[in-house]
Amino acid sequence: MLKYLYTTLSAASIALALGGAASAQDSAEPIIIPTHNWSSQVVMAYVIGGMFESIGDKVEYVPADSQAVYEAIRNGDVTISHEVWQSTFGASFYNAMAQGGVIDAGNHEAMTLEELGVPHYVVEQNLCPGLPAWEALKDCAAVFATADSDGKGRILEGPQSWHGDLMPDRVAALGLDDKYVVKFAGSADAIWAELESAKKEGRGIITFNWTPNFTDADGFDFIKFPAYSDGCRKADGGDGSCGSPIGWLKKAANYKFPKTHPKAYTIFSKISFSTAQIGQMAALVDIDKMSHEDAAKKWLADNQDVWMTWTK
Ligand code: TMO
69 MLKYLYTTLS AASIALALGG AASAQDSAEP IIIPTHNWSS QVVMAYVIGG
119 MFESIGDKVE YVPADSQAVY EAIRNGDVTI SHEVWQSTFG ASFYNAMAQG
169 GVIDAGNHEA MTLEELGVPH YVVEQNLCPG LPAWEALKDC AAVFATADSD
219 GKGRILEGPQ SWHGDLMPDR VAALGLDDKY VVKFAGSADA IWAELESAKK
269 EGRGIITFNW TPNFTDADGF DFIKFPAYSD GCRKADGGDG SCGSPIGWLK
319 KAANYKFPKT HPKAYTIFSK ISFSTAQIGQ MAALVDIDKM SHEDAAKKWL
369 ADNQDVWMTW TK
């Protein structure tokens, strides 16, 4: 009987007959994963790429601008984005979606905050009484002055590519611009280097930072600005006098991805990293000084129980 089946039916139809509905195969075309300029995102790119490779799919990594990437996903040059931070990229994500071609592939478990703040010792040692309430900043600009800040307090913002003039707009809207100047860091590493030297010298420093990040473990106190509400930002038509939202962290994909790579897309839709897991990915690079690729290999090796529940 079996011999008869083999000689008259194709392998595919036997699989169908014996196993019920056979699932579709993923395309041999590579899945294009973007890399940006902060550590968890790059490590997570290789972590997710490693999961896709574990099922036999091909992966390519492309350095991409973290705002323009949503248009690149929409037109198919890039397949996914695995860290869509609400505060900084929510508008670009939904603008691209509204043009057609971007899908929401679900949220990570971690909630996020992208905000100005101070290392914990600044609060603990009372270097600026009243922090973390933003009003305290009015009376301690001198504590945050640097050689290049003209006697004003310096606010060290991240690279301008992340969210443009959000912080200069906010500082002006809150009436802090006669006392503070916003300087853009060239890279995330420049922020970490400044935080380290300020800590060594025991001096006050205000920087942009975010959670989940490796700094969660150290203690970093985000400043409490007036609450965020939709439309409060200048870019959204408001006066800009609001802080950042406690936001979601989403995954995005090109609309064809579920069809071209159904197995990989199914995995991608299930992926959900926690605050601790994302902090670990950043720490492997920013504290342990591993390369992004090596950090991802180590993370995958140490956390098979986590990711294999999504790939099996
Ligand atoms: C997008 N970022 C996590 C750097 O704020």
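Take the sequence shown: its letters are residues 69 to 380, numbered as in the working numbering. Every residue, glycine too, gets a C-beta built ideally from N, C-alpha and C.
Should residue i be listed as close to ligand 1, given that the test is whether its C-beta is under 6 Å from any heavy atom?
i: glutamate 183; result: no
i: tryptophan 106; result: yes
i: threonine 156; result: yes
i: tryptophan 260; result: no
i: tryptophan 378; result: no
i: tryptophan 316; result: no
i: tryptophan 153; result: yes
i: tryptophan 375; result: no
i: tryptophan 278; result: yes
Anyone know if the C-beta pair for residue i and residue j falls short of 7 Å?
i: tyrosine 323; j: isoleucine 171; result: yes
i: tryptophan 316; j: glutamine 154; result: yes
i: alanine 266; j: isoleucine 259; result: no
i: glycine 169; j: phenylalanine 288; result: no
i: lysine 327; j: asparagine 175; result: no
i: serine 309; j: alanine 241; result: yes
i: alanine 164; j: arginine 142; result: yes
i: phenylalanine 212; j: glycine 221; result: yes
i: histidine 360; j: valine 152; result: no
i: alanine 178; j: isoleucine 346; result: yes
i: tryptophan 378; j: lysine 331; result: no
i: alanine 201; j: lysine 247; result: no
i: lysine 302; j: aspartate 218; result: no
If residue i sits next to residue j, beta carbons under 8 Å apart, how far is it from one beta carbon to the other, in whole angstroms?
i: threonine 275; j: glutamate 262; result: 7 Å
i: tryptophan 367; j: leucine 352; result: 7 Å
i: isoleucine 273; j: leucine 224; result: 7 Å
i: proline 98; j: glutamate 128; result: 4 Å
i: asparagine 371; j: serine 255; result: With 8 Å as the limit, asparagine 371 and serine 255 do not qualify as a contact, their Cβ atoms being about 28 Å apart.
i: alanine 320; j: tyrosine 138; result: 7 Å
i: glycine 118; j: alanine 364; result: 6 Å
i: glycine 311; j: proline 294; result: 6 Å
For chain C, find out if any of its Cβ atoms is closer than 7 Å to the Cβ of residue i; answer yes or no.
i: glycine 272; result: Among the chains of the structure shown, chain C does not appear; only one protein chain is present.
According to DSSP, is residue i helix, strand or coil?
i: isoleucine 82; result: Because isoleucine 82 sits at a pLDDT of 44, beneath the cut-off of 50, its placement in the model cannot be relied upon, and the following sentence gives the value as read from the coordinates. The answer is helix: DSSP assigns isoleucine 82 an H, G or I state.
i: aspartate 172; result: strand
i: leucine 242; result: coil
i: threonine 76; result: Residue placement at threonine 76 is flagged as unreliable, the pLDDT there being 46, under the threshold of 50; the coordinate-derived value follows with that caveat. Note: threonine 76 maps to helix in three-state DSSP.
Does at least one heavy atom of ligand 3 sit under 6 Å from the Cβ of residue i?
i: alanine 213; result: With respect to ligand 3, the structure offers nothing, as its ligand set consists of ligand 1.
- Entirely within the segment 249 to 326 and at least 3 residues each: give me those beta strand (DSSP E) ranges in chain order. 274 to 279, 288 to 290, 317 to 322
- Message: For a minimum of 3 consecutive residues, which ranges assigned as the beta strand (DSSP E) are wholly contained in the segment 87 to 168?
- Response: Runs found: 99 to 103, 127 to 131, 148 to 153.
- Where are the beta strand (DSSP E) runs, 3 residues long or more, that stay fully inside the segment 185 to 226, in chain order? 221 to 225
- Query: Going along the chain, which unbroken runs of the alpha helix (DSSP H) with 4 or more residues stay wholly within the segment 324 to 379?
  - Reply: Every alpha helix (DSSP H) stretch that sits fully inside the segment 324 to 379 and reaches 4 residues is listed by chain position as 325 to 328, 330 to 338, 343 to 354, 360 to 370, 372 to 379.
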